[in-house]
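Numbering (the UniProt record's numbering), first residue to last: 1 to 92. Glycine is no exception: its CB is placed at the ideal position from the N, C-alpha and C atoms. Before any comments, here is the structure.
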Amino acid sequence: MMKKMNNIGSSWLGRMQIPPDLAYQESVITFWGKREVSIENYRHILEYRCGRIVLLLKNGKLCINGTNLIITKYSQEEMKISGQIHEITFES
């Protein structure tokens, strides 16, 4: 039954032409090389240090490890992080 509801919801969203990130409130992560990352639809900051930033997403955590990491843009909808990015991982 639940699978049928998901199929109905997906087909309805397709007809309405609503982007999946808006419909399902998924996070959107955009990279600009190894120096900048933008995150949309995050919940809040769990950890903020110059070598590590951890964000809570709807479906888990996003961990960004690097050097001289700073948050250069911060709003309810979007965050931009700059610095030397070494590793990005997702945790459930």
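Where residue i falls: helix, strand or coil (DSSP)
i: Gln84; result: strand
One or two residues paired with residue i in a DSSP bridge
i: Glu77; result: Glu77 pairs with nothing; no bridge assigned.
i: Leu62; result: Leu55, Phe90
i: Thr67; result: Gln84
Span of the beta strand (DSSP E), counted from its first residue to its last, around residue i
i: Glu26; result: Counting along the chain, Glu26 falls outside any beta strand (DSSP E), and DSSP gives it neither H nor E.
i: Tyr48; result: 44-49
Chain C within 8 Å of residue i, Cβ atoms only
i: Asn65; result: Structure shown: chain C not included; a single protein chain is present.
Whether residue i touches residue j by CB criterion (8 Å)
i: Leu62; j: Leu69; result: no
i: Ser38; j: Glu78; result: yes
i: His44; j: Asn65; result: no
i: Ile71; j: Glu36; result: no
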